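Peer 1: Chains as they are written, first to last, in the working numbering: chain W, 1 to 160; chain B, 161 to 632. Each residue gets a CB set at the ideal place from its N, CA and C atoms; glycine is no exception. All values reported here derive from a predicted model rather than from experimental measurement. Can you keep this structure in mind? I'll have questions shortly.
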Amino acid sequence: MAVADVQLLGELVDCADVAVRAAGQLYLFRCGRPIRDKDVLDRAVEFLAAAEAGGAFMSSGDSANLHATLRPLNWVADARTSGKRRAFSAQPEEIDYEALTQFLRRMQATIAQVSQGNRPDDQAWEECIGFLDCLGETLGTRADQHMRAASIPSSSVASF
Amino acid sequence: MDISLLNRLRTLVVFEVDTFEKQLGRLRSLHYPSGAASSLIDNLVNELRGHRQEINQVLADFPDDPERAGRALRSQHRLLVQKLRYLSSLEDAETVRAPWSLVPSIEWLASALLPDKPLLATCTQSLNYGIRWNPAPKSAVQRFAILELPAIHKTNAFLHVLVGHELFHPILQEFLKSRAADVISRLRTALNPIASQVTKDRFDELVEQVRYIWQRALEELMCDMGCAAIFGPAAVFASAMLHIGGNLDEPPSLEGSFYPPPRYRLREVLRYAFQAPVDEGQQSPDAEPDQSDDKPLPRLARLLSDRGFGWARDVLEKQFKIIQGEVQKQTDLEQVNQYPWLKLAYEEVQGSLPQAWDYVRDKAQSTSTSWLETIEDIPKLLESIGLLVPPGEIRETVGEDSSQLRTRSPSLSAISIAMWLYRLREEEQDAVKAEDNELRRYHRLCRLMLKAFEDVEIRREYDSRKKAAPAS
Numbered sequence: 001m002a003v004a005d006v007q008l009l010g011e012l013v014d015c016a017d018v019a020v021r022a023a024g025q026l027y028l029f030r031c032g033r034p035i036r037d038k039d040v041l042d043r044a045v046e047f048l049a050a051a052e053a054g055g056a057f058m059s060s061g062d063s064a065n066l067h068a069t070l071r072p073l074n075w076v077a078d079a080r081t082s083g084k085r086r087a088f089s090a091q092p093e094e095i096d097y098e099a100l101t102q103f104l105r106r107m108q109a110t111i112a113q114v115s116q117g118n119r120p121d122d123q124a125w126e127e128c129i130g131f132l133d134c135l136g137e138t139l140g141t142r143a144d145q146h147m148r149a150a151s152i153p154s155s156s157v158a159s160f
Numbered sequence: 161m162d163i164s165l166l167n168r169l170r171t172l173v174v175f176e177v178d179t180f181e182k183q184l185g186r187l188r189s190l191h192y193p194s195g196a197a198s199s200l201i202d203n204l205v206n207e208l209r210g211h212r213q214e215i216n217q218v219l220a221d222f223p224d225d226p227e228r229a230g231r232a233l234r235s236q237h238r239l240l241v242q243k244l245r246y247l248s249s250l251e252d253a254e255t256v257r258a259p260w261s262l263v264p265s266i267e268w269l270a271s272a273l274l275p276d277k278p279l280l281a282t283c284t285q286s287l288n289y290g291i292r293w294n295p296a297p298k299s300a301v302q303r304f305a306i307l308e309l310p311a312i313h314k315t316n317a318f319l320h321v322l323v324g325h326e327l328f329h330p331i332l333q334e335f336l337k338s339r340a341a342d343v344i345s346r347l348r349t350a351l352n353p354i355a356s357q358v359t360k361d362r363f364d365e366l367v368e369q370v371r372y373i374w375q376r377a378l379e380e381l382m383c384d385m386g387c388a389a390i391f392g393p394a395a396v397f398a399s400a401m402l403h404i405g406g407n408l409d410e411p412p413s414l415e416g417s418f419y420p421p422p423r424y425r426l427r428e429v430l431r432y433a434f435q436a437p438v439d440e441g442q443q444s445p446d447a448e449p450d451q452s453d454d455k456p457l458p459r460l461a462r463l464l465s466d467r468g469f470g471w472a473r474d475v476l477e478k479q480f481k482i483i484q485g486e487v488q489k490q491t492d493l494e495q496v497n498q499y500p501w502l503k504l505a506y507e508e509v510q511g512s513l514p515q516a517w518d519y520v521r522d523k524a525q526s527t528s529t530s531w532l533e534t535i536e537d538i539p540k541l542l543e544s545i546g547l548l549v550p551p552g553e554i555r556e557t558v559g560e561d562s563s564q565l566r567t568r569s570p571s572l573s574a575i576s577i578a579m580w581l582y583r584l585r586e587e588e589q590d591a592v593k594a595e596d597n598e599l600r601r602y603h604r605l606c607r608l609m610l611k612a613f614e615d616v617e618i619r620r621e622y623d624s625r626k627k628a629a630p631a632s
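Here it is in structure tokens:
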């Protein structure tokens, strides 16, 4: 595995973990438990802000807040489009980047509300937990695929 | 998730933590050439305690949130599996596996270039030099950089110059980030008209992919230039030795981690780090070497000539002419230009290179690791090598009194350049000789080089202890 691939895998695993733990914190707070890991909520907002900047750039060309990569946007868009890679689909999925940007703003606002100890309305809560669950599952599954090596026959001199 | 399956998953993850801890206990008993390994082990042990706490917390949360308990445990499992590489790295860092006499020199160079990153030097069974690091570390373990050298070339000291390339990787982020937004912006505009022809991916993925090709190419080129800024001609000779084992025109590809073609890499290093003519028509094969100004190569050539090492000047000029001849071929560019998105990425690379060179050159200069700072040492070391003495010490007179001698350590770059020049002369002489004889001579020079590096570090350690000791 090349150095760059290892690094990408590390990012995938970390981002998946942040999404999984943030969803857990939101759900438990909704059940009346205190926020135990505020840091993970801040990291989730940071990641979504990077994705939002990417979405704003793709929809309008505005690069003011753009980070060094569009990867957060790619991953969020994957999670929003059913979480499946397009390897087997015939057509690329169309993304409404403007709508995605609005959605990401809402998600950040909901997490920020919880982080400050406030309770969002039920719909916002459902939407945000559902999205973070999906994001964690999408990125986690992709990381799993990278971490496993398939059993395949190795080539041998005799086969030539 | 059903509670019985959750318990089974818990057993799986706890088993992994437990085995990880035992493995670390075993690895702690091994011998390493420096303290980096035991420091990494201590930090890993601490992190495993954190994993145990997280697992316990997930189980405590289970009654309130059974649905997410399985996901949280799976995430812990992933984080643990990802850390398994540290176990194999620690195995590979053991004294019997790593080039132990070189490790202190590598760590010294790393401390100059990467002062905030502890480094673990390892030897792996893959044919590549590599480094793993976390650009945004969130724990003590993630601060470590893991350097990988090819085990099969453990004693091939001439290639280890390429460590300089690897140590530049972690310090490029600032530069890459500062340019990325503008590059992405231009790529979005340029890719728009051709997006439908070239891909069925989403447009954001296409832009990101081409940005990534730009980044990967620039990273490798900057590391090549950084290595040349530190090790001068030795960096070019070592790169060429490694590159000629493959296709010099190998195009950037996903399978190949988007490495730029080796011919392209050599060309840009010559162009920037040596200001050498690399484009067709800039230099005819029979042209006299450029002696007209203070460019790095003519400067070294003049120095060698003035100090009585005309043969070394001839070797230097001949070898660079050979490599210049290779890079004047445009076959790699034909590969790059055949795909419109690749062409766009490499146009951006070309636009970034002047500032990229300034950036890495300044890094080398600000850390006092530039080869040009100790260029005067090279002829002195050639004298030692000619006598088959390890070039790890320079003797010079104090002031006007020729009977008063003092000694000092040469730089790693001066040792490497002098050794390479000597080796290349032997290579020319050995070309018609028997293979076993040639290899024996090559090994002898490798030993001289490794011994010289070791002497430099022993002296550095001695000086530092002497400085720290109270005056008696």
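Using 8 Å for Cβ pairs, my map puts B/I390 next to B/T529. What's the rounded Cβ distance?
Peer 2: Right, the Cβ-Cβ distance comes to about 5 Å (below 8 Å), so this counts as a contact.
Peer 1: I'd like the list of long-range same chain contacts for B/M161, defined as Cβ closer than 8 Å, with 5 residues on each side in sequence excluded.
Peer 2: Here the set comprises L169, P226, E227, A229 and G230.
Peer 1: Counting contacts by CB-CB distance shorter than 9 Å, is B/E368 in contact with chain W?
Peer 2: Yes, contact with chain W.
Peer 1: By the DSSP assignment, the beta strand (DSSP E) with B/T111 in it spans what residues?
Peer 2: Not covered by the structure: residue 111 of chain B. The range shown for chain B is 161 to 632.
Peer 1: Is it the case that the CB of B/F391 approaches a heavy atom of the ligand HEM more closely than 8 Å?
Peer 2: With respect to the ligand HEM, the structure offers nothing, as it holds no ligand at all.
Peer 1: Below 8 Å CB to CB, which residues in the same chain sit around B/R376 once its five sequence neighbours on both sides are set aside?
Peer 2: So the list reads P412, S417, F418, Y419 and P420, once near-sequence residues are dropped.
Peer 1: Here's the rule: buried if 16 or more other CB atoms are within 10 angstroms of the residue's CB, otherwise exposed. What is W/C31?
Peer 2: Flag for W/C31 reads exposed.
Peer 1: How big is the Cα-Cα spacing for B/M603 and B/Y289?
Peer 2: The amino acid at residue 603 of chain B is misidentified as Met; the sequence shows His. Answer to the nearest angstrom: the Cα atoms are 20 Å apart.
Peer 1: Runs of 3 residues minimum, wholly inside the stretch 502-567 of chain B: which ones carry the beta strand (DSSP E) assignment?
Peer 2: The stretch 502-567 of chain B contains these whole beta strand (DSSP E) runs: 554-558.
Peer 1: Taking C-beta to C-beta, are B/F613 and B/S261 nearer than 9 Å?
Peer 2: Closer than 9 Å, so yes.
Peer 1: Excluding the 5 residues preceding and the 5 following B/K277 in the sequence, name in chain order all residues of the same chain whose CB lies nearer than 8 Å to its CB.
Peer 2: Here the set comprises A270, W293, R303, F304, A305 and P330.
Peer 1: Assess contact between the stretch 549-565 of chain B and the stretch 478-495 of chain B, defined as three or more Cβ pairs (one per stretch) separated by less than 8 Å. Is contact present?
Peer 2: Touching, no, given that fewer than three Cβ pairs across the two stretches are closer than 8 Å.
Peer 1: Can you name, in chain order, every residue of its own chain whose Cβ lies under 8 Å from the Cβ of B/V475, other than the five neighbours on each side?
Peer 2: Contacts found: L581, L584, R585 and E588.
Peer 1: Please report how far the alpha carbon of B/E176 lies from the alpha carbon of W/L139, in whole angstroms.
Peer 2: Using only the alpha carbons, I get a separation of about 22 Å.
Peer 1: Could you pull out every residue in the same chain whose Cβ sits closer than 6 Å to the Cβ of W/M58, ignoring the five residues on either side in sequence?
Peer 2: The residues are Y97.
Peer 1: Measure the CB-CB distance between B/A395 and B/L464 and report whether it falls below 9 Å.
Peer 2: No. Outside cutoff.
Peer 1: Helix, strand or coil for W/F29, going by three-state DSSP, please let me know.
Peer 2: Of the three classes helix, strand and coil, the one that applies to W/F29 here is helix, per DSSP.
Peer 1: Rounding to the nearest angstrom, what Cα-Cα distance links B/Y424 and W/F47 in this structure?
Peer 2: Whole-angstrom Cα-Cα distance: 36 Å.
Peer 1: Roughly how many angstroms lie between the CA atoms of W/R86 and B/R362, to the nearest whole one?
Peer 2: Confidence is the limiting factor: at W/R86 the pLDDT is only 48, short of 50, which leaves the residue's position unreliable, though a coordinate-based value still follows. Each residue's alpha carbon lies about 9 Å from the other.
Peer 1: Hey, is the stretch 126-143 of chain W in contact with the stretch 14-22 of chain W, meaning 3+ C-beta pairs nearer than 8 Å?
Peer 2: Verdict: yes, contact present.
Peer 1: From W/N118, W/R43 and W/S151, pick the residue whose C-alpha is nearest to that of W/R33; which is it?
Peer 2: Selected option, being the one with the closest Cα: W/N118.
Peer 1: Using a C-beta to C-beta distance shorter than 7 Å, which residues of chain W count as neighbours of B/N352?
Peer 2: In chain order: nothing, as chain W lies at least about 10 Å away.
Peer 1: Among W/R148, W/H146 and W/Q102, which has the Cα closest to the Cα of W/A53?
Peer 2: Nearest option by C-alpha distance: W/Q102.
Peer 1: Can you name the start and end residues of the beta strand (DSSP E) that B/G290 belongs to?
Peer 2: Run containing B/G290: G290 to R292, per the beta strand (DSSP E) assignment.
Peer 1: Alpha carbon to alpha carbon, how far is W/E127 from B/D384? Give it in angstroms, no decimals.
Peer 2: Distance between the alpha carbons of B/D384 and W/E127 is about 48 Å.
Peer 1: Along chain W, which residues have their Cβ under 9 Å away from the Cβ of B/S345?
Peer 2: Residues of chain W passing the Cβ test: F57, G61, S63 and L66.
Peer 1: Considering only their Cβ atoms, is the gap separating B/H325 from B/G386 smaller than 9 Å?
Peer 2: A contact, by the Cβ cut-off of 9 Å.
Peer 1: Given this structure, state the Cα-to-Cα distance separating W/Y27 from B/S199, to the nearest angstrom.
Peer 2: W/Y27 and B/S199: Cα-Cα distance of roughly 38 Å.
Peer 1: Near W/A49, what residues of its chain come up, given a Cβ to Cβ distance below 7 Å and the 5 sequence neighbours on each side ignored?
Peer 2: Cβ neighbours of W/A49 beyond the five flanking positions: Q108.
Peer 1: Assuming B/V301 and W/M147 form a contact by the criterion Cβ under 8 Å, report the distance between their Cβ atoms to the nearest whole angstrom.
Peer 2: Rounded, the Cβ-Cβ distance is 18 Å, inconsistent with contact.
Peer 1: What did DSSP end up calling B/P500 once you bin it into helix, strand or coil?
Peer 2: If DSSP states are grouped into helix, strand and coil, B/P500 belongs with the helices.
Peer 1: Can B/G392 and B/S265 be called in contact, C-beta distance under 9 Å?
Peer 2: Their beta carbons are not under 9 Å apart, which means B/G392 does not touch B/S265 by this criterion.
Peer 1: Whole angstroms is fine: what's the gap from W/A68's alpha carbon to B/Q435's?
Peer 2: Their Cα atoms are separated by approximately 30 Å.
Peer 1: Taking the straight line between their C-alpha atoms, what separation do you get for B/Q217 and B/L239?
Peer 2: Cα to Cα, B/Q217 sits roughly 16 Å from B/L239.
Peer 1: How about W/C128: is its C-beta nearer than 9 Å to some C-beta of chain B?
Peer 2: It does not: the Cβ of W/C128 has no partner Cβ on chain B nearer than 9 Å.
Peer 1: Mind pulling the chain B residues with CB within less than 7 Å of W/L73?
Peer 2: Near W/L73 (Cβ distances below 7 Å), the residues of chain B are D364.
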